[in-house]
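Note sheet for the following structure.
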Amino acid sequence: MVNQNSARGFFLAAVALFFMATALRYPLGDLAHAGPGLFPLLLSVPLLAIALLIIVQARLSAPVPLSFNFKNIALIMLGLVAFVVGAQLVNAALGIVLMVFIAGFAAVTYSWKRNLKIALGLIVVAYVFERFLGLNLRLF
Amino acid sequence: MEILNNLAFGFEHALTPANLLYCAIGCVVGTLVGLLPGLGPLATISLLLPLTYSLPTGGALIMLAGIYYGAQYGDSVSAITMKIPHASSIVACIDGYQMTLKGKTGLALFTAGVSSFIGGTVAIVVLASLAPTLGQVALLFGPTDYCALMLVGFVCVSFITTGSLLNGLAMCLLGVLLGQVGTDLETGLERFTFGLPSLTDGVSLVSLALGCFGIAEITKNLDAREERTPFNGKIHLMPTWPEFKRIIPSALRGSVVGSILGILPGGGPVIAQFAAYALDKKVSKYKDEIGSGAIEGVAGQAAADEAAARTSFIPLMSIGIPENAVMALMMAAFIIKGIQPGPNMIAKHPDLFWGLVASMWVGNCFLLILNVPLVRFWLSVFKIPYNVLFPSILFFCCIGTFSVNNSLNDIFTTAAFGLIGYTMMRLSLDPAPMMLGFILGPMLEEYFRRAMIISRGSFTTFFTHPISATLLCLIGVFFAFQLFIAFRAKRAVVVEAPAASG
Numbered sequence: 003m004v005n006q007n008s009a010r011g012f013f014l015a016a017v018a019l020f021f022m023a024t025a026l027r028y029p030l031g032d033l034a035h036a037g038p039g040l041f042p043l044l045l046s047v048p049l050l051a052i053a054l055l056i057i058v059q060a061r062l063s064a065p066v067p068l069s070f071n072f073k074n075i076a077l078i079m080l081g082l083v084a085f086v087v088g089a090q091l092v093n094a095a096l097g098i099v100l101m102v103f104i105a106g107f108a109a110v111t112y113s114w115k116r117n118l119k120i121a122l123g124l125i126v127v128a129y130v131f132e133r134f135l136g137l138n139l140r141l142f
Numbered sequence: 233m234e235i236l237n238n239l240a241f242g243f244e245h246a247l248t249p250a251n252l253l254y255c256a257i258g259c260v261v262g263t264l265v266g267l268l269p270g271l272g273p274l275a276t277i278s279l280l281l282p283l284t285y286s287l288p289t290g291g292a293l294i295m296l297a298g299i300y301y302g303a304q305y306g307d308s309v310s311a312i313t314m315k316i317p318h319a320s321s322i323v324a325c326i327d328g329y330q331m332t333l334k335g336k337t338g339l340a341l342f343t344a345g346v347s348s349f350i351g352g353t354v355a356i357v358v359l360a361s362l363a364p365t366l367g368q369v370a371l372l373f374g375p376t377d378y379c380a381l382m383l384v385g386f387v388c389v390s391f392i393t394t395g396s397l398l399n400g401l402a403m404c405l406l407g408v409l410l411g412q413v414g415t416d417l418e419t420g421l422e423r424f425t426f427g428l429p430s431l432t433d434g435v436s437l438v439s440l441a442l443g444c445f446g447i448a449e450i451t452k453n454l455d456a457r458e459e460r461t462p463f464n465g466k467i468h469l470m471p472t473w474p475e476f477k478r479i480i481p482s483a484l485r486g487s488v489v490g491s492i493l494g495i496l497p498g499g500g501p502v503i504a505q506f507a508a509y510a511l512d513k514k515v516s517k518y519k520d521e522i523g524s525g526a527i528e529g530v531a532g533q534a535a536a537d538e539a540a541a542r543t544s545f546i547p548l549m550s551i552g553i554p555e556n557a558v559m560a561l562m563m564a565a566f567i568i569k570g571i572q573p574g575p576n577m578i579a580k581h582p583d584l585f586w587g588l589v590a591s592m593w594v595g596n597c598f599l600l601i602l603n604v605p606l607v608r609f610w611l612s613v614f615k616i617p618y619n620v621l622f623p624s625i626l627f628f629c630c631i632g633t634f635s636v637n638n639s640l641n642d643i644f645t646t647a648a649f650g651l652i653g654y655t656m657m658r659l660s661l662d663p664a665p666m667m668l669g670f671i672l673g674p675m676l677e678e679y680f681r682r683a684m685i686i687s688r689g690s691f692t693t694f695f696t697h698p699i700s701a702t703l704l705c706l707i708g709v710f711f712a713f714q715l716f717i718a719f720r721a722k723r724a725v726v727v728e729a730p731a732a733s734g
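Protein chains in written order, with this note's numbering: chain A, 3 to 142; chain B, 233 to 734.
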């Protein structure tokens, strides 16, 4: 079981270390003439300290299980990527159809008929946006 | 008298046909989206912010304000009828839903509508009289004072929004760090961009907001796999005279509490609702009924909610510092439209300021006229199954992101923030303080650098200026108090443990 509290600490520590390491690659200057790296470095130090404190706190308290549903977030991400790829390669209408059919797998029940109706409805909405609000979507 | 003149000037702008239309659209769309499960005011504004890009400045701000308080009202409707709580309507679930169970849904909704109107009206008077005065005070602020004020805001928002000071502060810092991505304005050097042209101008606010509040919320709701039962009960809106009489005192109390708490850093509707509810439980004539479906349990908190939503504009428009995440998003909208909120805003753009203040009252009327009689229509939104709703919200996230730069690649950024937002949600990290940090980050850096240049690199400058010294001392006292509470709680556990085992 992954402890949510520890995972939170490690996540924040990783973010702090990333910003810290990258900030060190930029000129730091001094306080009176701060370089572009100084302020992010000054911020990542307390963030790292908080992350370490959270990790220590997690060791001292009862663990809380981390729940993370990979399937749903992966399907939503895939749906968004499919929208962009479909819209770039063919047109936005295909992108909408791909997004609805892929993201639809994350729903409680899957129905291709329902997905088709949703996709058609969204294409109509996109047409209204393109035709009347001047959105440059390249629908067809 | 001057206030009346200013308000009359504001109404001149707010009552133009175009601005009336924008206000009405904002209220209606805000209510509609605010009703949807999982979409609170923050997510609603994030989702609808791109809609205002092509509008004239005044109209866009009026519409956004309408969306904000429309979403607040929509939240309370879903809380009263179906006990679907959002952060901004937790208190409405208590007595509001109890009234629904007793078959008094119509009375609860009427009470919420009228109380919101009273709260909003009182808050507008406070806003109109206090904002210009506070704007004058803000002219005394130097770079060190602004830095300290932002830090106070971070600490308050971190503590109030998340309940855990450490988690909240971490999220604020993360937000400020994300705000560093892009070109450094002083040296022209690109920071944290990895050579990606889309990051040269920094992380897109819309991508961050839609990813963390839109996509992450959708996925969280999908994980819950809850099928909600639509509300099908009867609604009798009109109360009897004795019922109506019970609304007024409680709504007035709530208005005062909300107006005060809305102005304080970290304040806003959530804390105001709890405070008004607690006050009613202490002083109301019907305090024994509160908790089991009393009118006072709905009236006070609804008035406080709406009053705080409006007075939280005061620090933003007079000092230029937003005091919560929703106001930070509003500030971003102001900046996108080329308006820098702050002490000079009233002098430079009186039409915008007073027009917005007056439009809030117009929006109040719209909410009362449109929403109370049309509540049955609004509730039909819940009949749409989530399986149909979520692909549509996803589509609007795509359209919203695309419309900013007409770039499909920006949707990848939104998707990435969706994943980050979902991960943070699963780690119990609230993204609201991050949003505040992200929007204030560049400003904090600018003021910090300016303070350091003026003081030739001496940190003591923060303690030699009276305003910043006072604010930093307040933060110090707050931290010391938190440490004291933590130690006391630990000692209590240590003392109780042997007693329990003995």
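Ideal Cβ positions, reconstructed from N, Cα and C, are used throughout, including at glycine. As the structure is a computational prediction, the values presented were derived from the model and not from experiment.
{"Check": "Spatial neighbours of Phe-622 of chain B within its chain, please: CB distance less than 8 Å, with the 5 preceding and 5 following residues excluded, ordered by chain position.", "Outcome": "Ile-450, Asn-453 and Leu-454"}
{"Check": "Tell me the rounded alpha-carbon separation between Gly-88 of chain A and Gly-443 of chain B.", "Outcome": "20 Å"}
{"Check": "How far does the alpha helix (DSSP H) with Phe-506 of chain B in it reach, from first residue to last?", "Outcome": "501 to 515"}
{"Check": "So if DSSP puts Thr-415 of chain B in a beta bridge, which residue, or which two residues, is it bridged to?", "Outcome": "B:Glu-422"}
{"Check": "Within this structure, are the beta carbons of Ser-550 of chain B and Leu-366 of chain B separated by less than 8 Å?", "Outcome": "yes"}
{"Check": "How many angstroms separate the CA atom of Thr-265 of chain B from the CA atom of Val-558 of chain B?", "Outcome": "One detail in the question is off: residue 265 of chain B reads as Val in this sequence, not Thr. The straight-line gap from Cα to Cα measures roughly 15 Å."}
{"Check": "Here's the rule I'm using: 16 or more other beta-carbon atoms within 10 Å means buried, otherwise exposed. How should Arg-457 of chain B be labelled?", "Outcome": "exposed"}
{"Check": "Taking 8 Å as the threshold (beta carbon to beta carbon), is Phe-21 of chain A in contact with chain B?", "Outcome": "yes"}
{"Check": "Pull out every residue of the segment 665 to 686 of chain B whose Cβ sits closer than 7 Å to any Cβ of chain A, in chain order.", "Outcome": "Glu-677, Phe-680, Arg-681, Met-684 and Ile-685"}
{"Check": "Run through the segment 591 to 664 of chain B for me and flag every whole alpha helix (DSSP H) of 4 or more residues, listed as ranges in chain order.", "Outcome": "607 to 611, 618 to 637 and 642 to 658"}
{"Check": "With a threshold of 8 Å between beta carbons, is Pro-67 of chain A in contact with chain B?", "Outcome": "no"}
{"Check": "Flag this pair as touching only if the segment 333 to 344 of chain B and the segment 282 to 301 of chain B have three or more C-beta atom pairs under 8 Å; answer yes or no.", "Outcome": "no"}
{"Check": "For Ile-57 of chain A, which residues in chain B fall below 8 Å Cβ to Cβ?", "Outcome": "Correct list: empty, because the minimum Cβ distance to chain B is about 11 Å."}
{"Check": "With which residues is Gly-31 of chain A paired in a DSSP beta bridge?", "Outcome": "A:Ala-36"}
{"Check": "So Arg-116 of chain A is in the alpha helix (DSSP H); what residue range does that whole segment cover?", "Outcome": "114 to 134"}
{"Check": "Check whether the segment 372 to 386 of chain B and the segment 636 to 650 of chain B touch, using three or more Cβ-Cβ pairs below 8 Å as the test.", "Outcome": "no"}
{"Check": "One question on the structure: do Thr-353 of chain B and Lys-569 of chain B come within less than 8 Å of each other, judged by their Cβ atoms?", "Outcome": "no"}
{"Check": "Could you have a look at Pro-288 of chain B and say whether DSSP puts it in helix, strand or coil?", "Outcome": "coil"}
{"Check": "Measuring CB to CB, does Leu-267 of chain B end up less than 8 Å from Trp-610 of chain B?", "Outcome": "yes"}
{"Check": "Taking Gly-81 of chain A and Leu-626 of chain B to be in contact with their CB atoms under 8 Å, please state how far apart those CB atoms are, rounded to whole angstroms.", "Outcome": "6 Å"}
{"Check": "By DSSP, does Pro-554 of chain B sit in helix, in strand, or in coil?", "Outcome": "coil"}
{"Check": "Who are Asn-5 of chain A's beta bridge partners in DSSP?", "Outcome": "A:Pro-67"}
{"Check": "Taking Cβ positions only, does Phe-72 of chain A come closer than 8 Å to chain B?", "Outcome": "no"}
{"Check": "Identify the contact partners of Leu-96 of chain A in chain B, using a Cβ-Cβ distance below 8 Å as the criterion.", "Outcome": "Per Cβ cutoff of 8 Å: no residues; Leu-96 of chain A is ~13 Å from chain B at best."}
{"Check": "Among the residues of its own chain, which have a CB less than 7 Å from the CB of Gln-6 of chain A, if the five just before and after it don't count?", "Outcome": "Val-66, Pro-67 and Leu-68"}
{"Check": "Could you please give the first and the last residue of the uninterrupted alpha helix (DSSP H) stretch that includes Gln-572 of chain B?", "Outcome": "Looking at the DSSP string, Gln-572 of chain B is not in any alpha helix (DSSP H), and its letter there is neither H nor E."}
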